[in-house]
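Notes for the one structure printed next.
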Amino acid sequence: MTDTVRGGIKKSALAKDYLQTIENKFKESEKAEIAQYMSLLTSYKFEGGGSIRDHILKMTDAAEKLNSMEVNIGEKQLVFMILQALPLKFSQLKVSYNTQDKTWTVDELIAQCVQEENRQKQEKGKESEIVNFVQVAKGKKESNVGKFSKPQSYDKSVMPAKSFNSSKSNKFKVRTKSVEKIRCHHCKTKGHYRKDCEIFKEWLRSKGRTDVYVCEETNLVDIPTNSWWFDTGASVHITNTLHGFKEQKKTNSFNVFVGEGTKVSVESIGTVKLRLDTGFTMQLNDVLYVPKMRRNLVSASKLVKQKYVFVGDDECVKFFKRGSLHGKAFQHDHLWKIQCNVEFEDLHVLNTATKRMHASDQSLILWHKRLGHI
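Quick note, this note's numbering runs 15 ahead of the 1-based positions in the sequence shown.
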């Protein structure tokens, strides 16, 4: 104790009285202390430094000190104060709590916040792996082998169902999309899509719906390996079999992202010729061989690049090229199955040009013309 402090304290005969005098000299205002802790609870905001657990424990400590000063802060009130102090990225957690009948304790709130914090860290780590659009080098001619054409551009509000990336090839340019640029079309909040929006899910529950289906596929039926399906959501042609597949090059650096985000590898890239029921041949270039895929997919955007036009109704989808009907696809399991067979190189044909009709004994149009009905 300094001489100045010692001289400012009145001397007492008893040590007890002397200590009490010292305490009175250094006693802070209880009201000021209460105001300090109340300000912490009402205006404190979590800025992201440190863990969310430390942030909640700091506010809990302030509430306990207020309770010791006979300023009662109930646990329910404290939970709302903590939620109010959370940053915007925890908005889904706030909405989830406000829509539930159950009231969380502080311990339950800590567990939920830590879980949400870990989930956000994992998503941020995978941000660089999100691939939404793929651009490939534009080929000079449509029939060139090994040349890739630039896919048709998509509406930004629609996520393509399939895409692929490359970390080693110079022919493929991958464009990634930052999580901060993602915007929910339901709650208008950045950082998530509508399918992951808690507000949207609660709205669906209120309407009597509990699930959101982006696409539908029947998994209990056998899918023939030689069947081909017309897909408007695919950005590339995909096959799961080597039947009729003419390989151009092998690759181990490409991946395909299916609708639910699962990543499967591409083994090679090649060409497949489909002999349509009308007698025409549809040549598919830049086809990705993915053995783990369940269906062979024909990309609508790729066909558009090949000057195909398709028109659909309740019965079927028709494919036209230069005004001629080339083929049809009929609905099966809510998808469009193309009426075709895979063409092999050893098949005998009268004309190998892809722009002309092949001489096929199975062609009804050919027999129609042979009988003189032109």
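Even glycine gets a Cβ: it sits at the ideal position worked out from N, Cα and C.
By the neighbour-count definition (other C-beta atoms within 10 Å, threshold 16), HIS252 is a buried residue. A residue is called buried when at least 16 other Cβ atoms come within 10 angstroms of its Cβ; ARG290 meets this threshold and is buried. LYS343 has LYS333 as its beta-bridge partners, per DSSP.
Distance between GLU38 and ASP32, taken at the CA atoms: about 10 Å. Taking C-beta separations shorter than 8 Å and ignoring five residues to either side along the sequence, the partners of TRP119 in its chain run VAL94, TYR112 and GLN127, following chain order. Counting along the chain, SER314 sits inside the beta strand (DSSP E) bounded by residues 311-314.
ASN270: not part of any alpha helix (DSSP H); member of the beta strand (DSSP E) spanning 269-272, first to last residue. In this structure, ALA249 sits near SER314, with a CB-CB distance shorter than 8 Å.
With respect to LYS336, LYS322 sits close: the two C-beta atoms are nearer than 8 Å. GLU90 and VAL121 do touch by the CB rule: their CB atoms are close to 6 Å apart, below 8 Å. Setting aside the 5 residues that flank it on each side, THR254 is surrounded in the same chain by PHE260, VAL287, VAL302, TYR304 and ASN311, each with a C-beta closer than 7 Å to its C-beta; the list follows chain order. MET74 places its beta carbon 8 Å or farther from that of LEU98. ASN270 places its beta carbon 8 Å or farther from that of LYS264. Judged by beta-carbon spacing, MET297 lies within the 8 Å limit of GLY342, meaning their Cβ atoms are closer than that value.
With distances taken between CA atoms, MET96 lies nearest to MET53 out of MET53, LYS136, THR204 and GLU48. Our two residues, GLU358 and SER316, have alpha carbons roughly 22 Å apart in a direct line.
In terms of Cβ geometry, THR266 and THR240 do not form a close pair [threshold 8 Å].
For THR256, no beta strand (DSSP E) run applies, since DSSP gives it neither H nor E. As a beta-bridge residue in DSSP terms, THR286 pairs with LYS261. Between ILE88 and ILE214, the alpha-carbon positions lie close to 30 Å from each other. Burial check for PHE325: the Cβ neighbour count within 10 Å reaches 16 or more, so the residue is buried. Taken atom to atom, the span from the alpha-carbon of ALA50 to that of LYS139 is near 38 Å.
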